Amino acid sequence: MDRAGGTDDAASYDHTETVKDYYDLCNEFMVFGWGESLHFAPLSPDERLEDSQIRHQRLMIERLDLQAGMNVIDVGCGVGGPMRRVVREAGVRVTGVNINEIQLERARSLGAEAGIDEMADYLCASFMDMSAIPDATFDRGYAIESTCHAPDKEGAFAEINRVLKPGALFWGQEMCMTDRFAPGDPRHQEIKRELQQGIALKEIATTGEVDRALEAAGFEVVEGQDLGIVQQGASMPWYQPVEWYAGARGGILNRLLGRRVFIGGTRIAELLRIFPEGSTDVIRMMDRTAQAYIAGGQTGIFTPLYCFLARKPYNTAR
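Numbering (the numbering used here), first residue to last: -1 to 316.
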């Protein structure tokens, strides 16, 4: 088995453990290269990635109709970048759920620095089994690029549905194959395979499959849209930061030439024991994943920005 997410036999490994290992390996490099909000966002011309992420998070806050005093769940909270913005700007209490202890500890630390301790809770658990949380606990929920890792998407959505109150809204951002994906095209299959291995995805659903999984789990799909589609003159390709991002942090990681230079430097740092053993292999894996992101975006067969709004019905037995 490839602990970065690939496997020779999909039935022979624990995918949840693979995802946990993936973030153990990649978390520090991801934060260094991408910032504290570990997600893609629709991009506007002349806008920094961080600004795009903030604008995208505010769109989520608006669509969820968050009101002060609500109790909200962040499913797969990462290091808590969106969580801290939601607490500060919406005045709600947020529980961040994450299976990865390293990321969760970073989220706690950054939350303390941001002064949101009194409005934030943290639970180390898989979103496939949040049995520590009673039924119908939360007024709202969101999952940003997290449920794409689920070994069973319907099962993940059903567990999220369980912990939401009747009538609660749920926002999600999924990584999906688009309708341009041709299963019979070897190049398309190669790109998909590289993405699965590089991002620790057991499968990559289509947008329609995401909607059907939500409905099977008991949700009503209010809206769903690929926000990664470029609007002429108003937006830029979602994968552009992977190619050219030259912000204060991570420019050397994300420039095509810079990544190669960084790989060589990492090898030296590893030999000098500045970086832990295996860091170079992680960087090489992330470099291949970056190339797959770019290929998926350029061909139009992949998007990390299928965003949906769903509602748990009032008349539900869940």
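No residue lacks a Cβ here, since even glycine has one placed at the ideal position from N, Cα and C. Only a predicted model underlies this, so the values are computations on that prediction, with no experimental measurement involved.
Status (buried if at least 16 other CB within 10 Å, exposed otherwise) for P164: The count along the sequence shown starts at 1 and reaches residue 164 at position 166. The residue in question, P164, is exposed, as its Cβ has fewer than 16 Cβ neighbours within 10 Å.
L121 - partner residues in DSSP beta bridges: One-based indexing of the sequence shown puts residue 121 at position 123. DSSP lists V95 as partners of L121.
Between A166 and F136, which are expected to be in contact by the criterion C-beta below 8 Å, what is the C-beta distance as a whole number of angstroms? In the sequence shown, counting from the first residue as 1, residue 166 sits at position 168. In the sequence shown, counting from the first residue as 1, residue 136 sits at position 138. Yes, they are in contact, since the Cβ atoms of A166 and F136 sit about 6 Å apart, within 8 Å.
In three-state terms, what does DSSP make of P80? The sequence position of residue 80 within the sequence shown is 82, counting from 1. In this structure, P80 counts as helix in the three-state DSSP scheme.
If contact is defined by three or more beta carbon pairs under 8 Å, each pair taking one atom from either stretch, is the region 36 to 47 in contact with the region 218 to 233? yes
So is N159 buried or exposed if we call it buried at 16+ other beta carbons inside 10 Å? Numbered from 1 along the sequence shown, position 161 holds the residue referred to as residue 159. Its Cβ being crowded by 16 or more others within 10 Å, N159 is buried.
Assuming contact is defined by CB atoms lying nearer than 9 Å, are F306 and M173 in contact in what I supplied? Counting from 1 along the sequence shown, the entry for residue 306 is found at position 308. Counting from 1 along the sequence shown, the entry for residue 173 is found at position 175. In this structure, M173 does not lie closer than 9 Å to F306 by Cβ.
For R286 and P311, what's the separation of their Cα atoms in angstroms? Position 288 of the sequence shown, counted from the first residue, corresponds to residue 286. Position 313 of the sequence shown, counted from the first residue, corresponds to residue 311. Straight-line Cα distance between these residues: approximately 42 Å.
Using the Cα positions of T204 and M175, report the straight-line distance between them to the nearest angstrom. Along the sequence shown, one-based indexing puts residue 204 at 206. Along the sequence shown, one-based indexing puts residue 175 at 177. Cα to Cα, the separation comes out at about 5 Å.
If I measure Cβ to Cβ from A156 and keep anything under 7 Å in the same chain, skipping five residues before and after, which residues do I get? The residue you call residue 156 lines up with position 158 of the sequence shown. If we look at A156 and ignore the five residues flanking it on each side, its Cβ neighbours are A215, G216.
6 Å Cβ shell around D133 - same chain, five flanking residues per side excluded: Stepping through the sequence shown from its first residue, residue 133 is reached at position 135. So the list reads R160, once near-sequence residues are dropped.
Backbone secondary structure at C305 - three-state DSSP: Taking the sequence shown and counting its residues from 1, the one referred to as residue 305 is at position 307. When DSSP states are grouped into helix, strand and coil, C305 belongs to the strand group.
Same chain only: Cβ atoms within 7 Å of I319, ignoring 5 sequence neighbours per side: The structure shown does not extend to residue 319, since the chain is modelled only from -1 through 316, so no value can be given for it.
Take V85 and list the residues in its own chain whose beta-carbon comes closer than 7 Å to its own, dropping the five residues that flank it on each side. For the purposes of this step, residue 85 is taken as residue 87 along the sequence shown, with counting starting at 1. So the qualifying residues of the chain are V92, I114, M117, A118.
Assigned exposure category for E188 - 16 Cβ within 10 Å defines buried: Translated into positions along the sequence shown, residue 188 becomes position 190. That one is exposed.
Compare the Cα-Cα distances from G74 to each of L47, H54, S129, L102 and report the closest residue. The residue you call residue 74 lines up with position 76 of the sequence shown. Nearest C-alpha to G74: L102.
Using the Cβ count rule (16 or more neighbours within 10 Å means buried), how would you classify S144? Indexing the sequence shown from 1 puts residue 144 at position 146. Buried.
Mapping DSSP to helix, strand and coil, what is Q187? On the sequence shown, residue 187 is found 189 positions in, with the first residue counted as 1. If DSSP states are grouped into helix, strand and coil, Q187 belongs with the helices.
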